[in-house]
Amino acid sequence: MPNWNAQLKERFGLENFHSWQQEAVEGLLGDPGKVMLIAPTGGGKSLCYQFPATELEGTSIVISPLIALMEDQVRALQQRGIPSTYIASTLDPEQRRHREQQLAEGAYKLVYIAPERLASGSMLGVIARVQPSLIAIDEAHCISQWGHDFRPSYLELSRLIDHIQPKRIIACTATATLVVREEIQARLGLQSSDTKVILRGFSRPNLHLSCLETENSVQRRSALTHALTTTLGSANAPTGGGIVYASTRKNTEKHADFLKSKGWNVAPYHAGLEASNRESTSQRFSEKQLDLVVATNAFGMGIDRDDIRAVVHVQAPGSVEAYYQEVGRAGRDGQPAHGLLLTSSSDFGLRRRLIGLGDPDNANPKRSQQLWRLFLDLMAYVEAGSCRHDFILRYFGDEKETLGGCGHCDVCQALEESGKDPNAASLSEAETLIIRKALSGVARNRGRAGMAAVTDMLHGADNDRMRKLGLDQLSTHGLLSSHTRPWIQALLRRLMTAGLVDLTPDEFPVPLLTSQGAQVMKGQTPIRIRFPAPDVGQRSAAKRAATTSTASTGKHSSRKTLPDLSEQDIILFEALRSTRMEIAKDKGVPAYVICHDRTLRDIAQKHPKNLEELGQAFGMGPARLESYGTQLLDTVKTARPTPA
Ligand code: ADP
Ligand code: ZN
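Just so you know, we're using our numbering here: the sequence shown kicks off at 8 and counts up by one.
This is the structure we're talking about:
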């Protein structure tokens with residue numbers, strides 16, 4: 008592994024690379040020099056092309072859609088003595104020609120180019136003549152029509168890449184689900200066979216995530232003020248800042264007025280306000296002269312404030328990616344921060360209008376369909392019956408960092424209160440059986456029908472549609488006949504959000520088992536989901552089968568929530584707590600981020616002998632196991648030696 012620390016220090020004033028940065032730089036400087044990098048905003052992606060650009064001979068080209076960001080980066084590079092510039096349509100023609108000429112003469116090490124410039128033939132010619140040593144594409148998801156931020160000008164990139172066949176290419180983005188990633192790779196010629204894909208750093212365990220379904224604006228306002236006062240304290244002396252997101256300009260103003268009337272130091276922010284007004288709001292917020300901003304999604308880019316303690320959405324945003332980016336602005340200092348997403352049934356209609364779905368004048372109905380699908384993904388997040396952090400990590404494909412339950416999101420807490428581990432052992436046998444029946448229904452369907460028909464089939468419906476599809480002949484027909492359709496549907500949604508069932512990305516999506524779903528169906532893997540509450544119309548057999556699931560409504564508080572520990576176990580439990588404290592101090596995070604008391608109790612009771620057994624403990628996901636499994640295990644061994 009090459010050691011670039013000296014150059015890194017000299018040119019960028021940094022001590023060392025993050026491990027994934029090193030990986031990206033090695034990939035880019037190696038052969039065939041193709042990298043796809045997915046890491047959160049502020050993670051340090053730009054270094055992954057800036058550094059190689061300084062190592063390589065000749066000029067490197069960076070495509071970026073954000074002019075303010077280009078300016079910042081170019082200024083910083085120039086200050087470090089690295090010749091660089093940017094070319095965008097905002098420059099006057101004279102200036103632009105000058106920079107293009109300098110570029111053609113090879114005067115720069117790095118040149119940032121706005122995508123819309125690529126449409127000009129002369130620009131393409133200049134780039135071809137320079138034969139850039141590397142091409143970096145920032146915000147690469149803008150090329151994807153599946154993404155939430157599609158920019159038609161990015162399509163020019165395919166032509167550019169085709170035309171100049173660069174030796175080295177890196178695509179960077181902070182948000183890319185698998186579909187988007189595949190589209191980026193296809194369009195940029197980054198075939199999976201020879202491209203290094205690096206996906207890191209989506210885990211934000213210090214964020215408390217929760218969702219709340221509200222019925223009216225009175226409820227929303229009271230949930231909003233409650234969230235703000237519990238996280239920030241009083242309106243006149245808050246600790247830290249907060250952002251409230253709304254979907255429309257009018258709503259930002261209304262909520263800002265409301266919060267002002269409650270004594271908060273607050274301003275609205277949306278694209279309809281004067282530029283000077285907006286600038287002053289961002290600046291005052293960044294400088295902590297303003298405590299709250301109520302904004303549309305126009306706000307947040309480049310906000311440099313690390314003590315944001317709360318991000319509250321009073322209306323649902325457009326996608327999981329947008330939500331994650333917005334809520335991710337909280338808690339950058341690593342201290343606890345809260346993300347609350349308020350939803351209501353009006354969100355659906357509003358979102359349809361915002362994206363022009365069903366609008367007869369819509370110029371791009373296909374695009375609207377795609378945006379609608381992204382919104383439904385967010386609604387699946389709202390519905391999630393398993394840990395919200397793990398849902399997001401799975402959504403982005405960052406499986407390595409999943410925790411197997413964070414212990415402090417609203418879903419984890421509900422599971423804990425109801426005395427139900429997200430581990431299989433705590434689901435009753437009857438419940439486990441119901442889940443396996445539902446999964447086998449999905450499997451037997453063999454992709455022939457959609458969710459509604461599968462629900463009907465499991466419910467045992469007897470109609471033409473069932474007969475036509477041959478679903479009435481399946482052994483799984485009527486397997487869940489004692490449950491209502493809505494309940495079965497809710498269960499299937501939970502199975503979907505837990506990653507056991509997936510939908511095909513077609514116009515008429517059909518459910519399929521994932522490999523994890525298949526394992527659960529066969530009883531090979533424990534199940535981690537929250538059961539839907541039984542509904543009123545449910546018949547008695549179902550009630551019997553799912554008695555324990557009423558606990559998820561929180562009514563059965565008499566249920567034991569913590570296992571009894573023997574005296575020996577309590578000694579071990581205390582030892583584990585001090586180990587946790589040490590780890591937390593070491594990492595500079597609150598103790599609950601390391602793991603919950605419940606996890607330690609479970610370990611104290613099970614006294615695992617190896618990492619595999621430790622992995623079975625409540626809330627011990629692969630990430631925790633890898634990071635401090637050994638330390639916890641050592642504590643078990645010393646505090647309570649197992650008999651030989
Ligand atoms: P991104 O492009 O991923 O949004 P940036 O490249 O703008 O993020 O980096 C964000 C910040 O992180 C910058 O201030 C940068 O100096 C800092 N940074 C990047 N890499 C490192 C590193 N290896 N060590 C310390 N700081 C770093
Ligand atoms: Zn959780």
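Cβ atoms here follow ideal geometry from the backbone N, Cα and C, with glycine treated the same way.
For clarity, every value in this text was computed on a predicted model and none was experimentally measured.
- Checking the 6 Å criterion, the Cβ of Cys-602 is out of range of every heavy atom belonging to the ligand ZN.
- Every residue whose Cβ sits closer than 6 Å to any heavy atom of the ligand ZN is listed here in chain order: Cys-394, Arg-395, His-396, Gly-412, Cys-413, Cys-416, Val-418 and Cys-419.
- Ala-460 carries a helical assignment under DSSP once its states are collapsed to helix, strand and coil.
- The ligand ADP approaches Thr-48 closely enough that one of its heavy atoms is under 6 Å from the residue's Cβ.
- Judged by beta-carbon spacing, Ser-140 lies within the 7 Å limit of Ser-67, meaning their Cβ atoms are closer than that value.
- Using a Cβ distance threshold of 7 Å, Ile-205 and Leu-35 do not count as a contacting pair.
- As summarised for the segment 227-307, the continuous alpha helix (DSSP H) elements at least 4 residues long and confined to that stretch are 256-268 and 282-293, given in chain order.
- With fewer than 16 other Cβ atoms from the protein chains shown falling within 10 Å of its own Cβ, Ala-282 counts as exposed.
- In the structure shown, Ala-143 adopts extended strand secondary structure according to DSSP, grouped into three states.
- Residue side-chain check: His-25 places its Cβ nearer than 6 Å to a non-hydrogen atom of the ligand ADP.
- Beyond the five residues adjoining it in sequence on each side, Thr-202 comes within less than 6 Å, by CB distance, of Lys-41 and Met-43 in the same chain, given in chain order.
- Look at Lys-52: its beta carbon is less than 6 Å from one of the heavy atoms in the ligand ADP.
- Per DSSP, Gly-356 is one residue of the alpha helix (DSSP H) stretching across 353-361.
- Annotation for Leu-446 indicates a beta carbon at 6 Å or more from all heavy atoms of the ligand ADP.
- Under the three-state reduction of DSSP output, Thr-409 falls in the coil class, being neither helix nor strand.
- The secondary-structure analysis by DSSP pairs Asp-313 with nothing; it has no beta-bridge partner.
- Scanning Pro-47, Gln-322 and Asp-99 for the CA closest to the CA of Gly-208 turns up Pro-47.
- Counting along the chain, the unbroken alpha helix (DSSP H) around Tyr-330 starts and ends at 327-334.
- Relative to the ligand ADP, Leu-21 has its C-beta within less than 6 Å of a heavy atom.
- By the CB criterion at 7 Å, Val-187 and Trp-153 fall inside the cutoff.
- Under the three-state reduction of DSSP, Asp-469 is assigned to coil, being neither helix nor strand.
- According to the DSSP assignment, Glu-220 belongs to the beta strand (DSSP E) that extends over 214-220.
- Closest by C-alpha distance to Pro-533, out of Ser-489, Leu-235 and Ile-442, is Ile-442.
- Comparing alpha-carbon positions, the option among Glu-406, Ala-13, Ile-310 and Ser-353 lying closest to Arg-339 turns out to be Ile-310.
- Shown here, Thr-202 sits in coil according to DSSP, grouped into three states, outside any helix or strand.
- With fewer than 16 other beta carbons inside 10 angstroms of its own, Glu-294 counts as exposed.
- In the structure shown, the three-state DSSP call for Pro-516 is coil.
- For the 7 Å CB-CB criterion, Thr-606 and Ala-582 do not form a contact.
- One alpha carbon belongs to Ala-121, the other to Leu-219, and they sit about 40 Å apart.
- The beta-bridge partner set that DSSP reports for Cys-416 is empty.
- When the Cα atoms are used, Val-596 and Ala-337 turn out to be separated by approximately 15 Å.
- In the three-state reduction of the DSSP assignment, Ile-577 falls in the helix class.
- By the Cβ test, the segment 286-300 is not in contact with the segment 342-351, since fewer than three Cβ pairs between them sit closer than 8 Å.
- Around the beta carbon of Leu-446, 16 or more other beta carbons sit within 10 angstroms, so the residue counts as buried.
- Pro-245 and Ser-160 have their C-alpha atoms some 43 Å from each other.
- Selection Leu-195, Gly-279 and Ala-323 evaluated against Ala-305 yields Gly-279 as nearest (Cα-Cα).
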